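K.L.:
According to full-length UniProt numbering, the sequence shown holds residues 1 to 694 in order. A virtual CB, placed ideally from N, CA and C, is assigned to each residue, including glycine. The structure displayed is predicted, hence computed values, not measured ones.
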Amino acid sequence: MLVDGVAAISPLPGAEAGIVAFRTGGVLHATVITKATFAFAPDAPMPRVPPQPLLRDEVHHGDNPARSVRFTSDLVPYLARADVLFTGHGHAPVARLQVHAGERMLLDKTLLLKDSRGAQRIPIVYERAYGGPDVPDNPLGMGAGNDEGEPTILTPGDPRRPAGFGPIARAWPVRKRLLGATPRSALEGRIVEIPPGFDGAYFQAAPLDQQTDLLRGDEHIVLEGLHPSLPRLVTRLPCLRGVARIHGLAAFGVPDGQPMDLCLDTLRIDGDEQRCTVVFRRWMNLPHEQALEALRVVAGVEVAGEPLAWFDPPRRAAAPPPSSGKRRPLPTSTLALPPEVQEAPPPRPALPFRAGFLPARQPEVATPPPSPVAPPPSPVAPPPPIAPPPLLSGMPLAPPSALSASNAAAEVDTLPEVQEALPARTQAPVPARVFDLLWFDPRSLPRIRRQPAWRTILEALADEPLDPDIDDPELGFEPADMEERREIFEVLAHGPAQGEEAIREAVRSAIRKDGRFVAPLVLVEGEVCLWFDEIESLQALVAVVAPTAGGDERVKEAVTAARDYLSAADPLRDPVAARELGAAIESAYAQAKKRIVTPAEVALRTERLLLEHRRYQRQAVFGGKHLRGIVQIPGEEHEMPVYLPEALVEVLPMSTRFPARLVAEAHLAADAQAAGPVALRGVGITRIGSTDGW
């Protein structure tokens, strides 16, 4: 594809544009590509928004090539049919996508969304659909001879058929086999070399049931269960038309500024971002590579009722040195931007494509007279045949714009290098408090969603775009867990914390008139303290003191008494006795004259040993073993008992105290010796860090 500046293209405002060169049957072609983006508008035409940059390669979820594809490459030589694609989330139990052209239904597809854990908003990714390594239509799916669980995105009436609305990766067997004997590298050079008999269906990224006739630009789109907040969205494309003007080929028989209509062959619908992107393209025959080097194009997307600001493209500089024919390395970004043009002394040739919202300035450079060439051959269509509009329709040319005349007179360079044109990133202030989600119990999510105080937070979250670093499945979590993780994190970070009296009132309110009680959910912020087990603490103290006693008899006697107690056959040991024996060792050591280290150092070593082995107190309550501790709420007089699942022993920070926010069930006291009437059983916890001193 054109990566060495062999052809120049300038996008009209509000669009992106690019050129792909390909050769088939010995005939050279240039494909003009332009794209634009439009925002959802319920029951109305969609307004234009800043365009998505041209995509040079596939963009995978989480920027991870091992995952399914989120967006396909724009740099495709031709498409025989239109690809209609959707990415985003769906709401259980049914998601439906429709595209209408007038009274004609172009696409009507339904997916079933199921989740045993009660998640209502589910990411529609192929990882959650039926498939597996041996399924060519979906090698990333689940349920086909593996132990990863059952699919939750299903095809109605055929649960063993891969289901989804997104693009098919070119590396998947169902597409890769269409290459036949053609190496993919042949399709990635400076000029794409398409051999005779090549199956052009390889370039189609949409599932077969999402490929339609070429689009008109005024289609109605209906989304059911696919919008963040609306159960049903009806919107439409605002009468779009892809247009281009061809320059630089007068010597080859093409009038300068000749108009060309483009074909709408890609519609990408992004449910999470609430926008649609359309891609138009059209190829033309060229007699040889000299014509390709002379070609200059202005292209964009016209909206009915909005005049286009046509301008004259910058003239070409002298031809750059011959290209190696290989693609240059791509930048490591989610939306890959074009590379720099091949290095050459100024003035520089125009890039093959660039960001449409970037200012374009290039000094005019005299074009050397072209050498005599043969008349252009008659058009030869690449396979597979399509029915595009007339190659060069006879539209009248618009007069040169005042802006282009002004730029030419001032000789202003209007095409900066790509890196300079990118907006500088500003460093956002770092919040003083940092929330680190440690754990949550997904079984509590249905109750959390029903809490009035938190429902508003979750409803607002549905309108927020996904955070790629927090909400994406590439973080090592199963895609099915991501929506739950996103919701609990939002509640823990932004929910209002409750004090001791509010918690007790919640417990009182949870007692029914007949005395029945269901533990309410509360949100608590404070310092969590986990106590060490008394028996384990005595063992650690003996392990630290014994080698450092220095021969003191009183210390030896205290250590011997503790060892006798710990080695007793009776498995039941009194924790009070363990504390008393530990206090005797500490007292004896503090008075010893021949000790090797200080009592303070002994205490530090003992605590470190207990922390490294996570010797916290455990208590069998609420149907299982839990870590036992307390939470001190700021400004409250009393501490509250808190219990966390034993499985968190290696998840929690290696500290006896840490600030945290917890969503917890407020139970009646679980221990008769507890000081207060309420005990908290955590169902979600995030620790609170500080950026002070960073």
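Using 10 angstroms around the beta-carbon of F489, count the other beta-carbons present and answer buried if the total reaches 16, otherwise exposed.
P.N.:
The residue in question, F489, is buried, as its Cβ has 16 or more Cβ neighbours within 10 Å.
K.L.:
Return the residue from the list Q274, D213 and S655 that minimises the CA-CA distance to L233.
P.N.:
That would be Q274, whose Cα lies nearest to the Cα of L233.
K.L.:
How big is the Cα-Cα spacing for A41 and V254?
P.N.:
A41 and V254: Cα-Cα distance of roughly 41 angstroms.
K.L.:
Go ahead and pull the three-state DSSP assignment for Y202.
P.N.:
Residue state, collapsed to three classes: helix.
K.L.:
Helix, strand or coil: which one does DSSP assign to I448?
P.N.:
Correct three-state label for I448: helix.
K.L.:
Can you tell me which of E150, R512 and S229 puts its alpha carbon nearest to the alpha carbon of A458?
P.N.:
Here the sequence assigns Leu to residue 458, which means Ala is not the residue at that position. Nearest option by C-alpha distance: S229.
K.L.:
Quick one: using the 10 Å Cβ neighbour count with 16 as the cut-off for buried, is D209 buried or exposed?
P.N.:
That one is exposed.
K.L.:
For the putative contact between A163 and Y130, defined by C-beta atoms under 8 angstroms, what is the C-beta separation to the nearest angstrom?
P.N.:
Contact flag correct, Cβ pair sits at about 7 angstroms.
K.L.:
Any contact of the region 68-77 with the region 28-39, i.e. 3+ C-beta pairs under 8 angstroms?
P.N.:
These segments touch.
K.L.:
To the nearest angstrom, how far is the alpha carbon of M105 from that of T37?
P.N.:
Near 23 angstroms, if we compare the C-alpha coordinates of T37 and M105.
K.L.:
Kindly identify the DSSP beta-bridge partner or partners of C529.
P.N.:
In DSSP, C529 forms a bridge with I630 and R657.
K.L.:
What residues are listed by DSSP as bridge partners for M142?
P.N.:
Per DSSP, Y130.
K.L.:
Which residue comes first and which comes last in the beta strand (DSSP E) that contains G242?
P.N.:
G242 -> beta strand (DSSP E) spans L240 to H247.
K.L.:
For I168, would you say it is in contact with chain D, using Cβ-to-Cβ distances shorter than 9 angstroms as the test?
P.N.:
Absent here is chain D; the protein component of the structure consists of one chain.
K.L.:
Which residues mark the beginning and the end of the alpha helix (DSSP H) in which P173 is found?
P.N.:
Unbroken alpha helix (DSSP H) run through P173: P173 to K176.
K.L.:
Measuring only the C-alpha atoms, how far is P349 from A8?
P.N.:
For P349, the pLDDT reaches just 31, beneath the cut-off of 50, and the residue's location in the model is therefore unreliable, leaving the point undetermined.
K.L.:
In chain order, what residues of the same chain lie with their CB nearer than 6 angstroms to the CB of P13, ignoring the 5 residues before and after it?
P.N.:
Excluding residues within five positions, the ones whose Cβ falls inside 6 angstroms are A309.
K.L.:
Nearest to D270 by CA position, among T686, T87, L521 and R657, is which residue?
P.N.:
The shortest Cα separation from D270 among T686, T87, L521 and R657 belongs to T87.
K.L.:
Closer than 6 angstroms by C-beta to R23: which residues in its own chain qualify, once you throw out the five before and the five after it? Chain order, please.
P.N.:
Excluding positions up to five away in sequence, the list reads I191 and E193.
K.L.:
By DSSP, does D564 sit in helix, in strand, or in coil?
P.N.:
DSSP places D564 in helix when its eight states are reduced to three.
K.L.:
Exposed or buried, what is G684 when buried is set at 16 or more other beta-carbons lying within 10 Å of its beta-carbon?
P.N.:
Buried is the call here.
K.L.:
DSSP beta-bridge partners for L111?
P.N.:
A95, per the DSSP bridge assignment.
K.L.:
Near P195, which residues of its chain fall below 6 angstroms by C-beta distance, leaving aside the five closest residues on each side in sequence?
P.N.:
T182, listed in sequence order.
K.L.:
Going along the chain, which residues of its own chain have a beta-carbon closer than 8 angstroms to the beta-carbon of L581, five neighbours each way excluded?
P.N.:
Around L581: L538, A558, A561, A562 and Y565.
K.L.:
Checking the sheet assignment: what are the DSSP bridge partners for A664?
P.N.:
Its beta-bridge partners are V522 and G682.
K.L.:
Hey, quick one: how far does the alpha helix (DSSP H) through A590 stretch, first residue to last?
P.N.:
Per DSSP, A590 belongs to the alpha helix (DSSP H) from P575 to Q591.
K.L.:
Helix, strand or coil: how does DSSP classify R282 here?
P.N.:
Strand at R282.
K.L.:
Tell me which residues share the same chain as E534 and place their Cβ nearer than 6 angstroms to its Cβ, disregarding the 5 neighbours each side in the sequence.
P.N.:
Same-chain partners within the cutoff: P575, A578 and R579.
K.L.:
Could you check the C-alpha separation between A205 and R121 for me, to the nearest Å?
P.N.:
Going by the C-alpha atoms only, they are around 25 angstroms apart.
K.L.:
Please go through the same chain and pick out, in chain order, the residues whose beta-carbon is closer than 6 angstroms to the beta-carbon of D43, but skip the five residues on each side of it.
P.N.:
For D43, where only same-chain residues beyond five positions count, the Cβ hits under 6 angstroms are V234.
K.L.:
Pull up the distance between the alpha-carbon of S378 and that of A169, whole angstroms please.
P.N.:
For S378, the pLDDT reaches just 35, beneath the cut-off of 50, and the residue's location in the model is therefore unreliable, leaving the point undetermined.
K.L.:
For S68, does the three-state DSSP call read helix, strand or coil?
P.N.:
It is coil, neither helix nor strand.
K.L.:
So R516 is in the alpha helix (DSSP H); what residue range does that whole segment cover?
P.N.:
That residue, R516, is in no alpha helix (DSSP H); it is neither H nor E in DSSP.
K.L.:
Please state if the CB of I124 and the CB of L140 are separated by a distance shorter than 9 angstroms.
P.N.:
No; because the gap between Cβ atoms is not below 9 angstroms, this pair is not in contact.
K.L.:
Three-state secondary structure (DSSP) at A21?
P.N.:
Of the three classes helix, strand and coil, the one that applies to A21 here is strand, per DSSP.
K.L.:
Taking only three categories from DSSP, how would you classify R328?
P.N.:
Confidence at R328 is low in this model, with a pLDDT of 40, below 50, so its placement is unreliable and no value can be given for it.
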